[in-house]
Amino acid sequence: MYAITIPEPGGPEALVWAEVPDPVPAEGEVLVDVVASAVNRADLLQRQGFYDPPPGSSPYPGLECAGRVAALGPGTETSGWSVGDEVCALLAGGGYAEKVAVPVGQLLPVPDGMDLATAAALPEVTCTVWSNVFMIAHLRPGELLLAHGGASGIGTMAIQLAKSVGARVAVTAGGPEKLARCEELGADILIDYREQDFVEELRKATDGAGADVILDIVGAKYLDRNVRALAVNGRLAVIGLQGGVKGELNLAALLGKRAAVTATSLRGRPLGEKASIVAAVREHVWPLVGAGQVRPVVDRTFPMTDAAEAHAALEAGDHVGKILLLRS
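Under the UniProt record's numbering, the residue at position 79 of the sequence shown is numbered 79, and the numbers go up by one with no gaps.
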């Protein structure tokens, strides 16, 4: 088969479409013919040499895909999946390829009424948001979620899922155009991080109460301000480190608010944990997608062979939602 490879770490030009050995499904895996994948920040880090795949997983980038089941591996004959089924999948790697072997617990059916390629935009964002905002931080109806990077793939999904359970949503984003898109998706409080201090804006909008849950992709740069922005009994979920890895945490402020800080990644979790998250997403999120209440936001698509251009587009930062790679 062909796949996007990374012979040497570097810029987008480091991505090379090359012939590689076909994957062979191991125990508990199925083989999927890939129709589309999506570009995630983790793929950029892997390309730069900063985020190696977990041991035993595909060396090629791509944390999600959509396609058709091509073969059932050992131990999956009674899994309920059949050759030819249209699926999307959460991956530890390998989505930028013609074929990928997927643990059976990480497969999802394509939602009713959705085309196969668009479904590639769903697995990573739905699993990340549901696991962090709902399974860990336990966002409840009537509470306020602050989503940093509201116009990102994660942010656009967080807005919709929070609104679907009756929560209010505040977002940070860069510029009025992105904030307008967030508002269209249901965001209630719009903060331009380039021009405004999100702590002060949130205090004004909530009469000083703050956010019950904060979903943070920035990390160290926002740590102190995130704690100050939390409500009493608030929960901060850190899922990204775009603003650095080391910050100072004011424990007195955290104690005073009886607040909690969690930090998680999805890619390196054990298979059983991923399967539990995928099952929860299928139970709670897939009905919302099928009913049209929640949808993936796709900014643009590229041929998979042009993955370098797609990476450059993500790095430019002018997108809203997801960037997809399509098999020609």
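The C-beta atom is built at its ideal place from N, Cα and C for all residues, glycine as well.
In chain order, what residues of the same chain have a beta carbon less than 7 Å from the beta carbon of residue i, not counting five sequence neighbours either side?
i, result
"A209", "A231"
"E13", "A308"
"H284", "W130"
"A120", "A36, S37, A38, E64, C65, A66, C88, L324"
"T118", "P296, V298"
"T301", "L324, L326"
Bridge partners of residue i, per DSSP?
i, result
"Y2", "E19"
"C88", "A66, L108"
"S37", "C65, L325"
"L145", "V169, V213"
"L45", "Partner(s): none; L45 has no beta bridge."
"I189", "A170"
"P303", "L326"
"V238", "D216, A263"
"V285", "None, per the DSSP bridge assignment."
"E29", "P103"
"A313", "Answer by DSSP bridge pairing: none, since A313 is not bridged."
"A71", "L31"
Residue range of the beta strand (DSSP E) that residue i falls in?
i, result
"D197", "It is not in any beta strand (DSSP E) - D197 carries neither H nor E in the DSSP assignment."
"I214", "211-216"
"L266", "From DSSP, L266 is part of no beta strand (DSSP E); its letter is neither H nor E."
"R295", "Per DSSP, R295 belongs to no beta strand (DSSP E) and is neither H nor E."
"K99", "99-103"
Can you name, in chain order, every residue of its own chain whose Cβ lies under 6 Å from the Cβ of residue i, other than the five neighbours on each side?
i, result
"S58", "G93, G94"
"V165", "P141"
"Q46", "P61"
"I191", "T172, F198, E201"
"N233", "R258"
"L288", "S164, V294"
"A205", "I189"
"Y51", "A42, L45"
"T305", "W17"
"E143", "A167, D212"
Would you check if the distance between the CB atom of residue i and the CB atom of residue j is smaller than 8 Å?
i, j, result
"L314", "A38", "no"
"L179", "V129", "no"
"A137", "V171", "no"
"V298", "K274", "no"
"I217", "G149", "yes"
"L116", "V278", "no"
"Y96", "I154", "no"
"G219", "Q196", "no"
"E327", "V83", "The residue you asked about is not Glu; residue 327 is Arg in the sequence shown. Not a contact, by the Cβ cut-off of 8 Å."
"A211", "C182", "no"
"G49", "P7", "no"
"H319", "L15", "no"
"L271", "G105", "yes"
"P23", "G268", "no"
"A42", "M135", "no"
Could you give the residue range of the alpha helix (DSSP H) that holds residue i?
i, result
"R225", "223-229"
"T78", "T78 -> no alpha helix (DSSP H), and no H or E assigned at all."
"G94", "Unbroken run through G94: none, as it is neither H nor E."
"P59", "That residue, P59, is in no alpha helix (DSSP H); it is neither H nor E in DSSP."
"M157", "153-164"
"E124", "123-129"
"L254", "251-256"
For residue i, which residues from the same chain have a beta carbon less than 8 Å from its beta carbon, with the 5 sequence-adjacent residues on both sides left out?
i, result
"V133", "L139, L145, A158, L161, A162, V213, L215, A237"
"L249", "L223, D224, V227, V261"
"R194", "G174, G175"
"K246", "A220"
"D85", "R68, V69, P109"
Looking at residue i and the ligand ZN, is the gap between the Cβ and the nearest heavy atom below 7 Å?
i, result
"G208", "Of ligands this structure carries none, so the ligand ZN is not represented either."
Could you say if the stretch 23-30 and the stretch 96-115 meet the contact criterion of at least three C-beta pairs nearer than 8 Å? Yes: at least three Cβ pairs fall under 8 Å.
Counting beta carbon pairs with one atom in the stretch 259-275 and one in the stretch 236-243, are three or more of them shorter than 8 Å? yes
Stretch pair the stretch 14-29 + the stretch 69-77: three plus CB contacts closer than 8 Å: yes
Given 8 Å as the limit, is there contact between the stretch 176-190 and the stretch 218-228, that is, 3 or more CB pairs closer than that? no
Touch test, the stretch 110-129 against the stretch 79-92, Cβ-Cβ under 8 Å, three pairs minimum: For the pair of segments examined, the stretch 110-129 was found to touch the stretch 79-92: the number of CB pairs separated by less than 8 Å reaches three.
For the stretch 105-119 against the stretch 2-20, do three or more pairs of beta-carbon atoms, one drawn from each stretch, fall closer than 8 Å, so that the two count as touching? no
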